[in-house]
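So the sequence lines, in the order shown, correspond to chains Z and E. Take the first sequence: its letters are residues 0 to 311, numbered as in numbering that gives the first Met the number 0. Take the second sequence: its letters are residues 0 to 270, numbered as in numbering that gives the first Met the number 0. Notes for the one structure printed next.
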Amino acid sequence: MTTTDTPSTPVAVANLLDARGLVKSLGGKRVVDGVDLSCGPGEVLGLLGPNGAGKTTSLRMCYGFLRPDAGTIRIAGHDLVTEADAARRCLGVCTQDDTFDADFSVRGNLEQAGRYYRPRIPDLGRRIDELLDRFGLAPFADQMPETLSGGYKRRLMIARAVLHRPRVVFLDEPTTGLDPQARMAVWELVAGLRADGMAVVLTTHYMDEAERLSDTLLVLQSGSVRAKGPATQVLGDVVGEHIVVLPAGEARVAAWLAARGATPSTVLGTWHLPLDAAGLAAFVAAFPDLRYEVRAPTLDDLFMALAEERTP
Amino acid sequence: MNRSVFAAAFAWQSHAVLGRHVRVHLRKWHTALLPPVCEPLIMLLAFGVGLGSQMAALTWNGAPIGYLTYLAPGILAYTAFMTAFFQSLFSAYIRMHFQKSWEGQLTTMVRLDHVVWGEALWAASMATAYAGMVCLVLCGFGAIGWLDLHWWWLPVVLPLLFLTALAFSAVGLLFTSIIPSMDHMGLPFFLVIMPIGFASSTYFPLPDLPVLSQVVLLNPLHHLAEGLRFLLIAGTPTWHLAAGAGLCVVLLAVLMPIDMRLLRRRVFGDG
Chain Z
0 MTTTDTPSTP VAVANLLDAR GLVKSLGGKR VVDGVDLSCG PGEVLGLLGP NGAGKTTSLR
60 MCYGFLRPDA GTIRIAGHDL VTEADAARRC LGVCTQDDTF DADFSVRGNL EQAGRYYRPR
120 IPDLGRRIDE LLDRFGLAPF ADQMPETLSG GYKRRLMIAR AVLHRPRVVF LDEPTTGLDP
180 QARMAVWELV AGLRADGMAV VLTTHYMDEA ERLSDTLLVL QSGSVRAKGP ATQVLGDVVG
240 EHIVVLPAGE ARVAAWLAAR GATPSTVLGT WHLPLDAAGL AAFVAAFPDL RYEVRAPTLD
300 DLFMALAEER TP
Chain E
0 MNRSVFAAAF AWQSHAVLGR HVRVHLRKWH TALLPPVCEP LIMLLAFGVG LGSQMAALTW
60 NGAPIGYLTY LAPGILAYTA FMTAFFQSLF SAYIRMHFQK SWEGQLTTMV RLDHVVWGEA
120 LWAASMATAY AGMVCLVLCG FGAIGWLDLH WWWLPVVLPL LFLTALAFSA VGLLFTSIIP
180 SMDHMGLPFF LVIMPIGFAS STYFPLPDLP VLSQVVLLNP LHHLAEGLRF LLIAGTPTWH
240 LAAGAGLCVV LLAVLMPIDM RLLRRRVFGD G
């Protein structure tokens, strides 16, 4: 156990988060099955997947809430099990629920959180002032957290997560329930953390958020990694390069799709057909008189594709 | 496993959690001071003075004794027991379940073992502080001539009261880990507080029944109350103090690993 008052020298590692072969069963069911996660300095890793895909369990293993049944997790080079204190000193966590201390003011929350770290945070008072200014919390510093709006509560949660200058930050659905303005304010903060050189691991259900913020997307499905890479690559791998949108029920198209063994997604009376370049060319040639729209795939399409993969 | 459970009691993280509870409590000292002062005062006046004046003298240790004198050591023991149990059950449950302050602490370098030990140490510290307040109230009764005790033993018994409180905080945390909801908070009172409290010689001497006299030998509160009584009234340390301390150590050794396991399952859904 380290109890000195000077911070340890940061370890230079390529992947500040390096989790390999994570396996976890809960209640007799394998929830995570061989997941690898990695994130480098100044990188944002977006973790996506439908409900029950294993995102939260993977994250909870990475910040030490759950112990993996198999696999290793290294935070800034420190093993989370055998060097627990050193690893935890390097990670910051913003949970999905607001978990600040209701008995302390905004400033008091940060002061109290600072007491849970060794080596102690250098110049804690100055660091708190800096974060209050940077996160727009200075006018509310002496208020109790429950009096803050949803957006400012999230800011406090993120400020607390980065108080000790961690090298890896986990943000579990940081904008859920926020209005658009507050969401964008949180996006700015996330961009700032990236600019500070932190490795940021983000989960979200908002597709635009994942696309805008993440350098790398990792898509989980049924506890395993389904796809990984930049958003465009992941979409291409899982969904296709183009989406053709047309009114549902066109018999000719249904027959054409059936012949190709494809099934369209139906959304509000429209079919959304994922096609690669060759498929699109064939579609255009097959239906020269049909009116339809061709658009780029989005992460919404990805979720729908994953949902259909899960449906037998 | 067990060794690491108990080593966590001495970790700086556990003391940081304890410090958090102390800090919150001290900010409310003016209201927090009322229960430990008023409760023994009311109990001693209502039962010791009021009810005691209606009773013939009790026979204790083969000699007649006033009820107020009999009651005073019992209230001291009962305060340590009740305060620790109450803190580790109600307050810990609220912090864990409603305030989610446990989860906030767990996102730092503090781990669940530390949070649980922080709760137990705080419950025991608070119970000891409350018992200290009871000592002051007893001194007040002594100053006006209503009580005559071996006063110099009072500071000596505080560490024993701390150990007893720590053991009963482990019992409280056991219920914190298993009760389904706040609606079930009454169960521990019926299952633990009332049986232990009534079969303990704290408020009244136990009837001379063969079965009961054997059962109370397993009750650390009974040994504490009787041990304090011998110490404060007769000025004699007895085997009751050693028996009470021994039972408390056994309670801690058995319950803390179970508490940790059950709370891990409750908080993280794991284990």
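Don't be surprised by glycine CBs; every beta carbon is placed ideally from N, CA and C.
- Within chain E, no residue has its CB atom less than 9 Å from the CB of residue 126 (chain Z), the nearest being about 15 Å off.
- According to the DSSP secondary-structure assignment, residue 270 (chain Z) is paired through a beta bridge with Z:245, Z:265.
- For residue 59 (chain E), the enclosing beta strand (DSSP E) stretches over residues 57-59.
- In this structure, the alpha-carbon of residue 170 (chain Z) lies about 48 Å from that of residue 287 (chain Z).
- DSSP, reduced to helix, strand and coil, places residue 20 (chain Z) within a strand of the structure shown.
- For residue 164 (chain Z), the closest Cβ of chain E is not nearer than 8 Å.
- Against chain Z, a Cβ distance below 8 Å from residue 4 (chain E) picks out nothing, because the smallest value is about 15 Å.
- Closest by C-alpha distance to residue 51 (chain Z), out of Z:190, Z:24, Z:127, Z:36, is Z:24.
- Within chain E, the residues whose beta carbon sits less than 9 Å from that of residue 65 (chain Z) are 267, 268, 269, listed in sequence order.
- Residue burial is scored here from C-beta neighbours: residue 112 (chain E) has at least 16 other C-beta atoms within 10 angstroms and is therefore classed as buried.
- In this structure, residue 201 (chain E) places its C-beta atom within 8 Å of the C-beta atom of residue 76 (chain E).
- By the criterion of a C-beta distance shorter than 8 Å, residue 212 (chain E) is surrounded in its chain by 205, once the five residues flanking it on both sides are discounted.
- A check of alpha carbon separations from residue 230 (chain Z) across Z:183, Z:290, Z:299 identifies Z:299 as the nearest.
- Interface with chain E (8 Å Cβ-Cβ cutoff): residue 220 (chain Z) is excluded.
- Against chain E, a Cβ distance below 7 Å from residue 116 (chain Z) picks out 107, 108.
- Secondary structure at residue 223 (chain Z): strand, using DSSP grouped into helix, strand and coil.
- Along the region 78-100 of chain E, the positions whose C-beta sits under 7 Å from a C-beta of chain Z are 98, 99, 100, read in chain order.
- With respect to residue 268 (chain Z), residue 254 (chain Z) sits apart: the two C-beta atoms are not nearer than 8 Å.
- With a 10 Å radius around the Cβ and a threshold of 16 neighbouring Cβ atoms, residue 60 (chain E) comes out exposed.
- At the C-beta level, residue 32 (chain Z) and residue 18 (chain Z) stay beyond 8 Å of one another.
- Distance from residue 15 (chain Z) to residue 60 (chain Z) at the Cβ level is roughly 16 Å; contact not present, criterion being Cβ atoms closer than 8 Å.
- By the Cβ rule, the region 76-84 of chain Z does not count as touching the region 225-243 of chain Z, because fewer than three pairs are nearer than 8 Å.
- Take residue 134 (chain E), set aside five residues on each side of it, and the residues of its chain with a beta-carbon closer than 6 Å to its own are 153, in chain order.
- Under DSSP, the beta-bridge partners assigned to residue 202 (chain Z) are Z:46, Z:171.
- The region 139-153 of chain Z makes contact with the region 101-118 of chain Z, as at least three CB pairs between them are under 8 Å.
- Listed in chain order, the positions of the region 85-117 of chain Z with a beta carbon within less than 7 Å of a beta carbon of chain E are 87, 88, 92, 94, 96, 98, 99, 100, 101, 102, 111, 112, 114, 115, 116, 117.
- Excluding sequence positions up to five before and after residue 17 (chain E), its CB lies within less than 6 Å of the CB of 117, 120, 121, all in the same chain and listed in chain order.
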